[in-house]
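So in my numbering, spot 198 of the sequence shown is number 1428, and the numbers just go up one at a time.
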Amino acid sequence: MFDSKEDTIKVETLIELNSLINSDYADVNILLARIVESAMVLSEGEAASLLLLNKGDRKLYFEVALGSKGSDVQKFSLNLGEGIAGWVAKNNKSLIVNDVEKDDRFFSDISKSVGFQTTSILAVPMRLKDSCIGVIELINKKNNRHFTENDLQWLEIFANQAALALSNARLYVKTQKEIAILQDSLQLSQGFHTLIYESKEMEMVLNVVKKVGMTNSTVLVLGESGVGKELIAEQIHLNSRYAEKPFIRVNCAALPEGLLESELFGHVRGAFTDALKDRMGKFEQAGDGTIFLDEIGELSLPVQAKLLRVLEDGIFEPLGSNEQKRVRARILSATNRNLIDLVAKGEFRKDLYYRLNVIPINVPPLRNRVSDIMPLAKHFLQFAMRDTNKTVSHFEKSAIDALHSFEWPGNIRELKNVVERAVVITQDGSIRREHLLLGQNPIEKNDEFQGKNLKDSVNLFKKYFIISCLEKHHWNQTSASRELDIQRTYLSRLMKELQIQH
Ligand SMILES: Nc1ncnc2c1ncn2[C@@H]1O[C@H](COP(=O)(O)OP(=O)(O)OP(=O)(O)O)[C@@H](O)[C@H]1O
Ligand SMILES: [Mg+2]
């Protein structure tokens, strides 16, 4: 087999690929593309693809598609058994078809719809421990020649390399995830969140956090709702000399005025009707750690006055007691309100504002740090998968585009909800555009539903649902009806009734 000059080049390429496989898993898709490209060039194919079998829906998805129509091809998927690649995956056997027109197994839809004429195909399974995890196929041997048994044997070797690269990468990702989950649970047990970011904007914020962390300054964290102000406050604490000391959170909006005072400063037994025993306030609990006053903009004016006095004097008294206690904790606060506006309206004390705002840190909204969106989305995907016990392997391009272009008025909190919902909705192991209900409730937003009775609304929903299923199956009614779990004839009738036309 290794006798010609071409074979020597192939061996050299394999050695080169092997060293890549052993060195770099940063992006396995690049590596897979490299393997397929080498196989295509060396065996003189006009185009080549690598399809992976999705365990969830048992379909083959194009991971790599090279050649003049490569990017168009990538939109398609094949059922197990469908087309030459489907046959190879189903039977776990290699196949050469040198005249596709004469072979019933050939599935012409893809070639036709992308406008690429296929004449010959060589397809081999990618195997891991003998079971097929995907298929590599070469299309059209150049100069109208035929694929040979020698081409097949070589492609099998390349497919083995690809399977190996993929399995190594998956193992790596799995270990990384396990480490991350372990770290998460370790941090979560102390109540801290894992801060995810990749953007320059957040890097700058974190640089400031690191600097102020080491000082004892009072910091005010500002930013829209859901941007992660609480996580920034946590990071200030974790980057301080007092990281091992308590981090005490107080949500100023969550407690009525009367209770807030006792929450902050504590009380002694009998201080008021319900004070059945002494209670330590948050300032005291924080000791010489950090106290984080969240939603500070919601404080009532009387409590603001008390807080100001405490901050100025550095001394507080539990309710009903004359005992003076010293404030030792570092003070952090946060709000999504515009405090300057509140000061102007007389709703927030100016003197308190200056006390709290020694160092302001602004957390940018998500739409201004788009490069954080996918890392965050993937992070929330992991959590949602654990919660729902579902396996969702990835976000498809349509979903990524939509996530990137959305405005995110609710910022990261909204992104988290969107991902959780998408994991619940998806049925096929990946997230596409239609699984993302961006901007709250799509039915509420969709004017077409307004003013309709239940029957008409349900029919409208049916129409959209069927159209999206048909689109997914490239308007192949047989496979759409299979997914909808209805008879093909019934689907046709529904299409007529609901006036669905292609
Ligand atoms: N960088 C991040 N990495 C991971 N999770 C994040 C990040 N930023 C925010 N989150 C998550 O998003 C949600 C909202 O964050 P957080 O509660 O800190 O928002 P906030 O700025 O305090 O909003 P609000 O003003 O409404 O209180 C939380 O569930 C938090 O864990
Ligand atoms: Mg908050």
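Just so it is clear, CB atoms sit at the ideal spot from N, CA and C, and this is done for glycine as well.
Keep in mind the model is a prediction, meaning the values are calculated, not measured.
Under a CB-based cut-off of 7 angstroms, is residue i close to chain B?
i       : result
Leu1523 : No chain B is present in this structure, which holds just one protein chain.
Excluding the five sequence neighbours on either side, which residues of its own chain have a C-beta within less than 6 angstroms of the C-beta of residue i, listed in chain order?
i       : result
Glu1501 : Glu is not the amino acid found at residue 1501; the sequence shown has Ala there. Counting only Cβ-Cβ distances below 6 angstroms, and skipping sequence neighbours, we find Leu1549 and Gly1550.
Asn1671 : Legend: pLDDT at Asn1671 = 47, less than 50; position of this residue unreliable, no value from coordinates given.
Ala1710 : Cys1699, Leu1700 and His1703
Gly1313 : Phe1337
Ala1295 : Ser1279, Val1303 and Gln1304
Evaluate residue i with the Cβ neighbour count: other Cβ atoms within 10 Å of its Cβ, from every protein chain shown; 16 or more gives buried, anything less gives exposed.
i       : result
Met1432 : buried
Leu1531 : exposed
Glu1674 : The predicted position of Glu1674 is uncertain, since its pLDDT is 48 and thus under 50; a value taken from the coordinates is nonetheless stated next. Classification of Glu1674: exposed, given that the 10 Å Cβ count is below 16.
Met1484 : The identity of residue 1484 in the sequence shown is Ala, whereas the question assumes Met. By the neighbour-count rule (16 or more Cβ atoms within 10 Å), Ala1484 is not buried but exposed.
Ser1338 : exposed
Gln1731 : exposed
Tyr1472 : buried
Ile1462 : buried
Ile1264 : The question names Ile, but residue 1264 is Arg in the sequence shown. When all chains shown are included, Arg1264 counts as buried.
Gln1391 : buried
Glu1356 : Reading the sequence as shown, one finds Met at residue 1356 and not Glu. It counts as buried.
Ala1278 : buried
Trp1317 : buried
His1665 : buried
His1467 : buried
Quick one: Cα of residue i to Cα of residue j, how far?
i       : j       : result
Gln1534 : Arg1663 : 47 angstroms
Leu1385 : Ala1269 : 6 angstroms
Ser1601 : Met1434 : 14 angstroms
Ile1239 : Glu1274 : 13 angstroms
Leu1261 : Asn1252 : 11 angstroms
Gly1741 : Ala1559 : This structure cannot settle anything about residue 1741, because the visible part of the chain is limited to 1231 through 1732.
Pro1476 : Glu1460 : 15 angstroms
Leu1494 : Arg1479 : 10 angstroms
Thr1216 : Gln1465 : This structure cannot speak to residue 1216, because the chain is shown only from 1231 to 1732.
Gly1300 : Asn1647 : 34 angstroms
Glu1408 : Arg1616 : 12 angstroms
Thr1708 : Arg1718 : 6 angstroms
Phe1691 : Arg1712 : 19 angstroms
By DSSP's criteria, residue i is part of a beta bridge. Which residues make up the other side?
i       : result
Asp1617 : DSSP lists no partner for Asp1617.
Met1510 : Gly1496
Gly1275 : Lys1371
Pro1590 : Leu1450
Val1435 : BP columns for Val1435 are empty, so no partner.
Just to confirm my understanding: we take residue i, look at its own chain, exclude 5 residues before and 5 after, and list those with CB closer than 7 angstroms. What are they?
i       : result
Pro1590 : Leu1450 and Leu1452
Met1510 : Gly1496
Ser1628 : Arg1662 and Arg1663
Asn1481 : Asp1524 and Glu1525
Phe1546 : Phe1495, Phe1513, Val1540, Lys1555 and Val1557
Taking 8 angstroms as the limit between beta carbons, can you name the residues of its chain near residue i, skipping five residues before and five after?
i       : result
Ile1426 : Asp1602, Pro1605, Leu1606 and His1609
Leu1368 : Ala1269, Met1270, Ser1273, Gly1275, Ala1277, Ala1278, Ile1351, Leu1352, Ala1353, Phe1377, Asp1381 and Leu1385
Glu1236 : Leu1272
Uninterrupted beta strand (DSSP E) stretches inside the stretch 1304 to 1372 (no shorter than 3 residues)
1307 to 1309, 1325 to 1327, 1351 to 1358 and 1361 to 1371
With a floor of 4 residues, list each alpha helix (DSSP H) that falls wholly inside the stretch 1682 to 1726, ordered by position along the chain.
Here the runs fully enclosed are 1684 to 1702 and 1707 to 1714.
Going along the chain, which unbroken runs of the alpha helix (DSSP H) with 4 or more residues stay wholly within the stretch 1517 to 1584?
1531 to 1543 and 1569 to 1574
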